[in-house]
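Visitor: Take a look at this one; I'll ask things after.
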Amino acid sequence: MSKTLGSGACGEVKLAFERKTCKKVAIKIISKRKFAIGSERDADPVPDVKTEIHILKKLNHPCIIKIKDFFDAEDYYIVLELMEGGELFDRVVGNKRLKEATCKLYFYQMLLAVQYLHENGIIHRDLKPENVLLSSQKEDCLIKITDFGQSKILGETSLMRTLCGTPTYLAPEVLNSFGTAGYNRAVDCWSLGVILFICLSGYPPFSEHKTQVSLKDQITSGKFNFISEVWAEVSEKALDLVKKLLIVDPKVRFTTEEALRHPWLQDEDMKRKFQNLLCEENKSTALHQVLAQPSTSQKRLLEGEAEDADTTKRLAVCAAVS
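Right, dumping it as structure tokens:
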């Protein structure tokens with residue numbers, strides 16, 4: 001393992017290299033000791049690790065992070081594909097805001113990923129820019145959703161009542177659901193709306209720093225902070241999609257399918273760019289797989305060495321018998 005790529009409350013992510021291919025990977029190290037301390041205050045979080053592993057192993061989508069291995073030792077070690085571009089959060093902060101065309105490319109991929117999750121009965125429950133990773137430092141790149149520690153596998157008619165996620169991105173029904181009606185996959189669509197708002201404007205729609213109105217009241221009323229000078233530079237179609245995702249009533253709020261059909265995302269150039277990026281990644285993956293296999297000459301050399309060793313063994317046995 002090499003340098004630390006990031007850290008959080010329960011662990012850190014380190015850079016490492018695969019022995020066979022020398023390909024870079026990310027290792028998420030989750031401290032069992034910190035979990036033990038945390039479980040004294042909260043509900044036992046250890047199952048979250050196992051849930052994350054279980055979910056990651058069953059998923060296969062180009063816009064969802066891929067798990068390579070898992071080790072349960074003195075700590076938990078999750079080996080993941082490395083995303084060289086870092087977090088979407090840092091990209092937005094570094095640029096103040098993203099170009100609308102870039103937002104569209106990234107958001108289209110987020111929708112595809114979350115649509116796939118929902119089709120497989122999975123709700124992420126903690127979608128935010130920190131949990132969206134970029135494949136490279138280039139502006140046009142693939143994104144992948146990560147961190148499934150809060151995720152839940154849910155039946156078609158099931159509802160959840162657990163208060164979890166990051167406050168700024170929580171849907172109104174999550175804040176109102178504790179011990180009441182519950183909530184479903186629509187919470188992810190609300191979080192996507194918050195992410196899109198931030199990418200387009202460079203600031204969050206709801207903030208704890210607004211002292212006159214609590215964060216909960218801002219969210220449950222659906223009254224987001226709209227700065228007209230900032231949004232004057234954003235297209236009407238983009239703003240319309242944001243509004244459709246930030247509808248308080250989850251029954252009226254856009255689903256991922258509806259969002260993907262929205263006029264703002266009917267952009268063939270953007271979709272072609274995504275397909276090209278996908279092709280580049282597939283070629284790179286195929287190349288690393290080839291490199292991981294021994295060449296024909298290497299195989300022959302290994303086979304020859306094995307034959308020589310076998311001959312030596314047979315001669316030794318014959319000498320011992322005689």
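Numbering (full-length UniProt numbering), first residue to last: 1 to 322.
Heads up, the beta-carbon is just placed ideally off N, CA and C, and yes, glycines get one too.
1. List the endpoints of the continuous alpha helix (DSSP H) containing D217.
2. Taking the DSSP output, what are the residues bridged to K243?
3. DSSP has Y108 in a bridge; who is on the other side?
4. Which same chain residues, not among the five before or five after S228, have their C-beta less than 6 Å away from its C-beta?
5. Quick one: residues in its chain with C-beta nearer than 8 Å to the C-beta of L215, no 5 flanking neighbours on either side, listed in chain order?
6. Buried or exposed for P47, going by 16 or more other Cβ atoms inside 10 Å?
7. What does the alpha-carbon distance come out to for the pair A73 and I53?
8. Can you tell me whether V252 is buried or exposed, with buried defined as 16 or more other CB within 10 angstroms of its CB?
9. Using a Cβ-Cβ cut-off of 6 Å (strictly less than) and excluding sequence neighbours within five positions of S76, which residues of its own chain qualify?
10. For R41 and E12, I'd like the C-alpha separation in whole angstroms.
11. Which of helix, strand or coil does DSSP assign to L80?
12. What are the partner residues of G86, as DSSP defines its beta bridges?
13. Could you tell me how far apart the beta carbons of V187 and V174 are, in whole angstroms, since I believe they sit closer than 8 Å?
14. Identify whether F206 lies in helix, strand or coil by the three-state DSSP scheme.
15. In the DSSP assignment, find the unbroken alpha helix (DSSP H) run with E173 in it and report its ends.
16. Only counting the same chain, and skipping five residues up and downstream in sequence, which positions put a Cβ closer than 6 Å to that of K32?
17. Which residues in the same chain have their Cβ closer than 8 Å to the Cβ of V248, if we skip the five residues on either side of it in sequence?
18. Take P204 and list the residues in its own chain whose beta-carbon comes closer than 8 Å to its own, dropping the five residues that flank it on each side.
19. Using the rule of at least 16 other Cβ atoms within 10 Å of the residue's Cβ for burial, across every protein chain shown, is F148 buried or exposed?
20. Going by the beta-carbon positions, is the gap between G202 and V230 smaller than 9 Å?
21. Assuming L245 and C279 make a contact with CB atoms under 8 Å, what is their CB distance in whole Å?
22. What span of residues does the beta strand (DSSP E) with F197 cover, start to end?
23. Taking the CB atoms as reference points, tell me whether S135 and L142 lie closer together than 9 Å.
24. Using 8 Å as the cut-off, can you tell me whether the segment 258-277 makes contact with the segment 104-112, which would need three or more C-beta pairs spanning the two stretches below that distance?
25. How about the segment 18-25 and the segment 110-124: do they share at least three Cβ pairs that are nearer than 8 Å?
26. Beta carbon of K28, beta carbon of M83: below 9 Å?
27. What is the DSSP secondary structure of L5, counted as helix, strand or coil?
28. Have a look at T51, E87, I123 and flag the residue whose alpha-carbon is nearest the alpha-carbon of S7.
Guide: If we stick to the structure as given:
1. 215-221
2. DSSP output for K243 lists no bridge partner at all.
3. In DSSP, Y108 forms no bridge with anything.
4. none
5. P167, T168, F206, S207, E208
6. Residue placement at P47 is flagged as unreliable, the pLDDT there being 49, under the threshold of 50; a coordinate-derived value is accordingly withheld.
7. 15 Å
8. exposed
9. A small correction: the amino acid at residue 76 is Tyr; Ser does not occupy that position in the sequence shown. Answer for Y76: I30, V49, listed in chain order.
10. Here the model assigns R41 a pLDDT of 49, short of 50, so the residue's position is not dependable and the matter cannot be decided.
11. Collapsing the DSSP output to three states places L80 in a strand.
12. L134
13. 6 Å
14. coil
15. 172-176
16. D75
17. P172, T220, S221, G222
18. Cβ neighbours of P204 beyond the five flanking positions: T168, V194, F197, I198, N225.
19. Classification for F148: buried.
20. yes
21. Going by Cβ atoms, the distance from L245 to C279 rounds to 30 Å, so no, they are not a contact pair.
22. Per DSSP, F197 belongs to no beta strand (DSSP E); it is in the alpha helix (DSSP H), 186-201.
23. If you check the CB distance, S135 and L142 come in under 9 Å.
24. Three or more beta-carbon pairs drawn from the segment 258-277 and the segment 104-112 are found closer than 8 Å, and the two stretches are therefore classed as touching.
25. Not touching, per the Cβ criterion.
26. Here K28 is not near M83, since their CB atoms are 9 Å or more apart.
27. strand
28. The option with the nearest alpha carbon to S7 is E87.
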